[in-house]
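J.: Every position in the sequence shown, counted from 1, becomes a number in this note's numbering once 620 is added.
Even for Gly, the Cβ is constructed at its ideal location relative to N, Cα and C.
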Amino acid sequence: MTTKDLVAALTAGRIVYDNGAEQVFDHSGATTYVDRGHAVHGEWYVDDDGRFALFWPPSYRAPYDLQWIVEDGSIVGLRFSHREHGSQFSARYA
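(1) Which of the three DSSP states, helix, strand or coil, is assigned to residue 685?
(2) Can you name the start and end residues of the alpha helix (DSSP H) that residue 628 belongs to?
(3) At the level of alpha carbons, what is the spacing between residue 664 and residue 675?
(4) Would you mind working out which of 706, 708, 698, 637 sits nearest residue 625, comparing C-alpha positions?
(5) In the DSSP output, which residue or residues are listed as bridge partners for residue 663?
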């Protein structure tokens, strides 16, 4: 995914994860993750390699590769793959 596509994909709207949690990525770089009514605020950015990363205060940083989820020719969500741990999770646009 190009940097331009990455930014467009993240800021396209609210996403809902498989576990029901929701997240919004703002153009300013702010992000809010809400799980069972509990909101966590962080930051997202594109690193020097043109890849997506998250920062959750006070010190946690997480780098991810993103892929589109496509069904019947339409983009319906995103797949996140942690670049260091290999863990994956998916989210769909609300």
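T.: In short, the structure shows the following:
(1) Reading the sequence shown from its first residue, position 65 is the one you call residue 685. Residue state, collapsed to three classes: strand.
(2) Here residue 628 refers to the residue found at position 8 of the sequence shown. Residue 628 -> alpha helix (DSSP H) spans 623 to 630.
(3) To locate residue 664, count along the sequence shown from 1; it is residue 44. To locate residue 675, count along the sequence shown from 1; it is residue 55. Roughly 6 Å between the two C-alpha positions.
(4) For this step, residue 625 is matched to residue 5 along the sequence shown. It is 698 whose Cα lies nearest to the Cα of residue 625.
(5) Along the sequence shown, one-based indexing puts residue 663 at 43. Bridge partners of residue 663: 650, 675.
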